[in-house]
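**Student:** After the structure tokens below, expect a handful of questions from me.
Number of protein chains: 2
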Amino acid sequence: MTEPNLHQLFPASEVPQWDSETDVIIIGFGATGVCAAIEAANAGASVTIFERNSGSGGASALSGGEIYIGGSGGSDAQRAAGFEDSTEDLAAYLKAAGGPYHDPAKCDLYAAESLNHYQWLKDQGIPYRGNYLPGKHIEPTDESTLIWSGSEAAAPFCNVAKPAPRGHVIQHMGWGGGRPLIDILEQRARDLGAKVVVDARAIALIADGERIVGTVFRIDNQLHFARANKGVVLATGGFALNEDMRRRYCPETFKINSPIGDKDDGIGIMLGMAAGGDAVHMEQFFTTCPWTMPESHAYGVFVNQAGQRFINEDCYHGRVSRVAVDQMGDRVYQLLDVAHFVQPLELAGITIAGTGDTWEEVEAELEMPEGTLSTTMAFYNKHAAEGRDPLFDKRAPILTPLDQGPFIALELNFETSYFSFFTLGGLRTSADAEVLDRAGQPIAGLYAAGRCTSGLPAWGHGYSSGLSLADCTFFGRRAGAKAALSTS
Amino acid sequence: MTEPNLHQLFPASEVPQWDSETDVIIIGFGATGVCAAIEAANAGASVTIFERNSGSGGASALSGGEIYIGGSGGSDAQRAAGFEDSTEDLAAYLKAAGGPYHDPAKCDLYAAESLNHYQWLKDQGIPYRGNYLPGKHIEPTDESTLIWSGSEAAAPFCNVAKPAPRGHVIQHMGWGGGRPLIDILEQRARDLGAKVVVDARAIALIADGERIVGTVFRIDNQLHFARANKGVVLATGGFALNEDMRRRYCPETFKINSPIGDKDDGIGIMLGMAAGGDAVHMEQFFTTCPWTMPESHAYGVFVNQAGQRFINEDCYHGRVSRVAVDQMGDRVYQLLDVAHFVQPLELAGITIAGTGDTWEEVEAELEMPEGTLSTTMAFYNKHAAEGRDPLFDKRAPILTPLDQGPFIALELNFETSYFSFFTLGGLRTSADAEVLDRAGQPIAGLYAAGRCTSGLPAWGHGYSSGLSLADCTFFGRRAGAKAALSTS
């Protein structure tokens, strides 16, 4: 027998015995996998989820449980708070957020179906309080539903789509709504009869001719040959925790140091490529340093080591952080006045690099050339007092003069501050979650969604909170449904 | 019979008849292919070059025929001009030039072997006059040999490796030394018995089990099954002329408009991936707008639409251009005083966007906010007069105050100026030019070099003239030699 391995399809003809059989195999038990399981079961298929960890969750359970939702006039929460939201605006925003990497078909489909998806989530039992929480938050610390979770109200996004808040967060006290979100969906999948096999590591896909018909797993150090009568769904996440893949496909992430994930080893991408799948946009990544915590820090100004601003700071924290990482050198500075300063969270690894009663004093403490940072701030303050930012079009109320000292310069250091990241590139899939080959044709029997694919959150520079869970849950559902209807 | 296609290996068992047989098949007749042919023939193999065009050349023949050479104490031309050049400095420069995408093994090997490679080129009959041409040139317009062709003397490169000029140009009057370079190498390959088949389009690789044993071509609209007893060398160039591949793998190139190439359709990359090859760094590209022509324009200053400088302008024109394309908006401005201004080449598509007796007037003509560009230039001039650039460490003599008007602002527009580009990503290969699979193992019988691989010129932000031809000729040689020694 050929030794099964990640990089080759294993021929069905060499399977010594089928150790299990199901209609739909789902590899990975995060948000993508569990939604795929529910929809495959709803379509009448038998389903088995194989998970390499000892339980459900994946990276999704580490998240805030926030899902990017809108369009079709607005959700209940949006409308209650006075926000109309058209499908066209949502689609336009999604395309701008994906930048050069967006998939138009996925953006259009998700924009059209987003409210139906929200209803589906509620139907599974996900609770939403329905209220709006104004301000700038990474996640609500109370049970609120609706927050601004992207760069909707900031240039250039506000010029291409009418802004609305679209982050919809599960009703859950405090941070970390991802865990209860998964727990509810897991229970639903189990109620529908999905089987779960944990501590199972995928080794290879099994092919019968052109069709994927199963998966080889390693379970209890034994090979396990699992047959899928209808299809295999890859739901394994990105490759933030696979250093070899990062070096080959996304080496800019070595400029920062804090991968987010839960065994995100990129295995689904490798399995998909072995089946002839096409991996795209592999160099794209999300990063953020939690510089808007405390919230008052959102009023600060960022400069690079040349003392130049580089972004309108009213953008989403991840967009600002991603552009920061593009700057020269190993750090950027966030400038604050004492009125807005609060000691940053210790976990952020943000340090005080300089202080002064004037910006000239701060400039000198940072050992910046005279006339750099101080000129930047004089120019900024002059126009902020007039309510405008002629360079980057930052908007009020985040736009406010920082002209009453003392002042503080915080250092966000790419090596030592908490620049968390995960990867965004992955398999190219259709809007039906079919894995496409390099000729653009679906690979029979193979489906994928979530961060082992390139989907709605395609571009770190345009990321918005809730895009990844939107992508995982929505296209995970489509993967499960499509697989269940597959005929060999 | 299966229809042969780019995306699948064609099984040898289905070959209806072998239409030709040779030891080494080389696909592509540019610099890579011709060097592979010479070395395969030198190793005793029979060789056939298949080329989709009607003659030799490829993108290499469109180049200046400049090859990046140095190390081992310096070439004859370097030493005659007083430049010592250590292997360590060359290796360090190559690694810095490749940025996060460099392949350490290729950089180290090329640095160690570069002078031997130069001798080999001479042995094939490439003439070098041996003299040094000081100044800043895209290509010599006379027969000179040695020019500064990268960012060696500019920060940050000059801080990691002792600078030396390393661009070695074939003796040839005027631009376009690539064509005579290829002609000489072609004659050499033909003298050694290499066969050439033109107007032959590669369709699929042929595999016998795990080994590549031939190629299906389309010639005169007929399928042609070519057997390779020892190996197949992919030498087909990048994918600058394949819009579908650009959209999938390198979409940022749609910000600019002038691909350089000669049917560079990425076919070698697709063939290699179909054989299990690993394509890496596919989002990287080279671009340049010929802003240093006339040469006096090298003394200018670049600003983005916010009126901010973004680079030390004494870097290589391609590095400056690549960072320019990263800037917001659709253009950057090059600022000059009248002493340095000459009407730009018409082909560059560079226009005069504003003029004035003071930088304040230029700023107003460009409709930039008051105090942006003018402050940038006041700061620049103040320090340039002191011989320093505290922001970007630009060095004299390129660093010079621009404080005697009238002044001119040239517009380099990403859409309408001549931002030429080609792609840098491709197959991952060993330093012996073996195509590696996703597990990092060589694919038996398959070799590749040049722009269908990721090689020495891995990163547009660090590109230097001569890197691509160095890569093509050196690793092309290794591909041919290694293929000739292959045993099935």
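Going down the list, the sequences are from chains A and B.
The end of the first sequence is residue 1128 by our numbering, with every number in the run present.
The end of the second sequence is residue 1128 by our numbering, with every number in the run present.
For each residue, glycine too, the CB sits at the ideal point set by N, CA and C.
Going by Cα to Cα distance, which pick from A:Ala1121, A:Lys1122, A:Leu1125 and A:Thr1113 is closest to A:Ile707?
**Tutor:** Along the first sequence, read from residue 1 onward, the residue named residue 707 of chain A stands at position 67. Taking only the C-alpha atoms, the option nearest A:Ile707 is A:Thr1113.
**Student:** Do you know offhand how far B:Tyr1058's Cα is from A:Asp884's?
**Tutor:** Taking the second sequence and counting its residues from 1, one reaches residue 1058 of chain B at position 418. Taking the first sequence and counting its residues from 1, one reaches residue 884 of chain A at position 244. Distance between the alpha carbons of B:Tyr1058 and A:Asp884: 38 Å.
**Student:** With a threshold of 9 Å between beta carbons, is B:His864 in contact with chain A?
**Tutor:** Walking along the second sequence from the start, residue 864 of chain B turns up at place 224. Closer than 9 Å: no.
**Student:** When the Cβ atoms of the segment 878-898 of chain A are set against those of the segment 738-745 of chain B, are three or more pairs found closer than 8 Å?
**Tutor:** In short, these stretches touch, since the Cβ pair count reaches three.
**Student:** Return the residue from the list B:Lys1034, B:Pro805, B:Lys835 and B:Ile709 that minimises the CA-CA distance to B:Leu761.
**Tutor:** What you label residue 761 of chain B is simply residue 121 of the second sequence in a count that begins at 1. Minimum Cα distance to B:Leu761 is reached at B:Ile709.
**Student:** From this set, A:Ala915, A:Gly877, A:Ala681 and A:Gln948, which residue's C-alpha is nearest A:Asp1077's C-alpha?
**Tutor:** Against the first sequence, residue 1077 of chain A aligns to sequence position 437. The residue with the shortest Cα to Cα distance from A:Asp1077 is A:Ala915.
**Student:** Short of 8 Å Cβ to Cβ, which residues in the segment 723-754 of chain B face chain A?
**Tutor:** Per Cβ criterion, the list reads Pro740 and Tyr741.
**Student:** Ignoring anything shorter than 3 residues, give me the beta strand (DSSP E) runs that lie fully in the segment 778-853 of chain B, in order along the chain.
**Tutor:** For the segment 778-853 of chain B, whole beta strand (DSSP E) runs of length 3 or above, ordered along the chain, are 807-809, 835-837 and 840-848.
**Student:** Go to A:Asn682, then tell me how far its alpha helix (DSSP H) extends in each direction, as first and last residue.
**Tutor:** Walking along the first sequence from the start, residue 682 of chain A turns up at place 42. Unbroken alpha helix (DSSP H) run through A:Asn682: Ala671 to Asn682.
**Student:** Determine, using beta carbons only, whether A:Met813 comes closer than 9 Å to chain B.
**Tutor:** Here residue 813 of chain A is taken as the residue at index 173 of the first sequence, counted from 1. A:Met813 does not count as touching chain B.
**Student:** Go through its chain and collect everything with a Cβ distance to A:Val674's Cβ below 7 Å, but skip five positions before and after it.
**Tutor:** The residue given as residue 674 of chain A occupies position 34 in the first sequence. Once the five neighbours on either side are set aside, the close Cβ partners of A:Val674 are Ser696, Ile822, Leu825, Glu826 and Ala829.
**Student:** Should B:Leu734 go down as buried or exposed, given a rule of 16 or more other Cβ atoms within 10 Å for buried?
**Tutor:** Start at 1 with the first residue of the second sequence, and residue 734 of chain B comes out as number 94. With 16 or more Cβ atoms within 10 Å of its Cβ, B:Leu734 is classed as buried.
**Student:** Just the Cα atoms here: how many angstroms apart are A:Ser1014 and A:Glu1003?
**Tutor:** Taking the first residue of the first sequence as 1, we reach residue 1014 of chain A at position 374. Taking the first residue of the first sequence as 1, we reach residue 1003 of chain A at position 363. Their backbone Cα atoms lie some 6 Å apart in a straight line.
**Student:** Anything in the segment 1051-1085 of chain A with a Cβ closer than 8 Å to a Cβ of chain B? List those residues in chain order, please.
**Tutor:** Going along the segment 1051-1085 of chain A in chain order, one finds Arg1068, Asp1077, Arg1078 and Ala1079 with a Cβ nearer than 8 Å to chain B.
**Student:** Establish whether the CB of A:Val920 and some CB of chain C are separated by less than 9 Å.
**Tutor:** In the structure shown, chain C does not exist; the protein chains are A and B.
**Student:** Can you look up A:Pro740 in the DSSP assignment and give me helix, strand or coil?
**Tutor:** To locate residue 740 of chain A, count along the first sequence from 1; it is residue 100. Correct three-state label for A:Pro740: helix.
**Student:** Applying a beta-carbon distance threshold of less than 8 Å, which residues of chain B neighbour A:Arg888?
**Tutor:** By 1-based counting over the first sequence, the position of residue 888 of chain A is 248. Simply Asp918, Val920 and Arg1068.
**Student:** Can you find the residues in the same chain that come closer than 6 Å, C-beta to C-beta, to B:Gly1106, ignoring five residues on each side of it along the sequence?
**Tutor:** Locating residue 1106 of chain B in the second sequence gives position 466, where the first residue counts as 1. Counting only Cβ-Cβ distances below 6 Å, and skipping sequence neighbours, we find Glu706, Ile707, Tyr708, Ser789 and Gly807.
**Student:** Determine the closest residue to A:Gly849 out of A:Pro930, A:Tyr956, A:Ser1126 and A:Ala1084, with distance taken between C-alpha atoms.
**Tutor:** In the first sequence, residue 849 of chain A corresponds to position 209, counting from 1. Of the listed residues, the one whose Cα sits closest to A:Gly849 is A:Ala1084.
**Student:** List, in order along the chain, the chain B residues whose C-beta lies closer than 8 Å to that of A:Thr1012?
**Tutor:** The sequence position of residue 1012 of chain A within the first sequence is 372, counting from 1. Residues of chain B passing the Cβ test: Phe1019, Pro1030 and Leu1031.
**Student:** Between the alpha carbons of A:Ala751 and A:Tyr1020, how many angstroms are there, rounded?
**Tutor:** Your numbering for residue 751 of chain A matches position 111 in the first sequence. Your numbering for residue 1020 of chain A matches position 380 in the first sequence. A:Ala751 and A:Tyr1020: Cα-Cα distance of roughly 37 Å.
**Student:** Please go through the same chain and pick out, in chain order, the residues whose beta-carbon is closer than 6 Å to the beta-carbon of A:Thr1012, but skip the five residues on each side of it.
**Tutor:** As a first step, residue 1012 of chain A is located in the first sequence; it is residue number 372 there, counting from the start. Correct list, in chain order: Gly947.
**Student:** Using the C-alpha atoms, what's the distance from A:Tyr939 back to A:Ala720?
**Tutor:** In the first sequence, residue 720 of chain A corresponds to position 80, counting from 1. In the first sequence, residue 939 of chain A corresponds to position 299, counting from 1. Spanning the two alpha carbons is a distance of roughly 28 Å.
**Student:** In angstroms, rounded to a whole number, what distance separates the CA positions of B:Phe1115 and B:Ile909?
**Tutor:** Here residue 1115 of chain B corresponds to residue number 475 of the second sequence, with the count starting at 1. Here residue 909 of chain B corresponds to residue number 269 of the second sequence, with the count starting at 1. So the alpha carbons of these two residues sit roughly 16 Å apart.
**Student:** Going by beta carbon distance, what residues of the same chain come within less than 8 Å of A:Leu1042, once the five residues before and after it are set aside?
**Tutor:** The residue given as residue 1042 of chain A occupies position 402 in the first sequence. The residues are Tyr939, Gly940, Val941, Leu975, Leu976, Asp977, His980, Met1017, Tyr1020, Asn1021 and Ala1024.
**Student:** So, at 6 Å on beta carbons, what are the nonlocal neighbours of A:Pro934 in its own chain, with the 5 sequence-adjacent residues on each side left out?
**Tutor:** As a working note, residue 934 of chain A is residue 294 in the first sequence. Cβ neighbours of A:Pro934 beyond the five flanking positions: Val982.
**Student:** Taking only beta carbons into account, state which residues of the segment 967-981 of chain B come closer than 9 Å to chain A, listed in chain order.
**Tutor:** Result list: Met968.
**Student:** Please tell me whether B:Asn1130 has its Cβ less than 9 Å away from any Cβ of chain A.
**Tutor:** The shown model of chain B, from 641 to 1128, leaves out residue 1130 of chain B, and the question about it has no answer.
**Student:** Tell me, please, whether the segment 662-680 of chain B touches the segment 714-729 of chain B by the rule of three or more beta-carbon pairs shorter than 8 Å.
**Tutor:** With a cut-off of 8 Å, the segment 714-729 of chain B and the segment 662-680 of chain B do not count as touching, because too few Cβ pairs lie within range.
**Student:** Going by beta carbon distance, what residues of the same chain come within less than 8 Å of A:Pro820, once the five residues before and after it are set aside?
**Tutor:** Position 180 of the first sequence holds residue 820 of chain A. Gly705, Ile810 and His812.
**Student:** So, are the CB atoms of B:Glu691 and B:Asn869 less than 9 Å apart?
**Tutor:** Translated into positions along the second sequence, residue 691 of chain B becomes position 51. Translated into positions along the second sequence, residue 869 of chain B becomes position 229. Taking 9 Å as the Cβ cut-off, B:Glu691 and B:Asn869 do not qualify as a contacting pair.
**Student:** With C-beta atoms as the reference, is A:Ala1124 less than 9 Å away from A:Ala842?
**Tutor:** Taking the first residue of the first sequence as position 1, residue 1124 of chain A is located at position 484. Taking the first residue of the first sequence as position 1, residue 842 of chain A is located at position 202. Going by C-beta atoms, A:Ala1124 is not nearer than 9 Å to A:Ala842.
**Student:** B:Asn944 and B:Gly906: beta carbons closer than 9 Å?
**Tutor:** Indexing the second sequence from 1 puts residue 944 of chain B at position 304. Indexing the second sequence from 1 puts residue 906 of chain B at position 266. It is not a contact, given that the beta carbons lie outside the stated cut-off.
**Student:** On the three-state DSSP scale, how would you describe B:Ile909?
**Tutor:** As a position in the second sequence, residue 909 of chain B is number 269, starting the count at 1. In this structure, B:Ile909 counts as helix in the three-state DSSP scheme.
**Student:** Use the C-beta contact count for B:Met641: other C-beta atoms within 10 angstroms, 16 or more gives buried, fewer gives exposed.
**Tutor:** Translated into the one-based positions of the second sequence, residue 641 of chain B becomes position 1. Label assigned to B:Met641: exposed.
**Student:** Reducing DSSP to helix, strand and coil, say where A:Leu761 ends up.
**Tutor:** For the purposes of this step, residue 761 of chain A is identified with residue 121 of the first sequence, where counting begins at 1. Note: A:Leu761 maps to helix in three-state DSSP.
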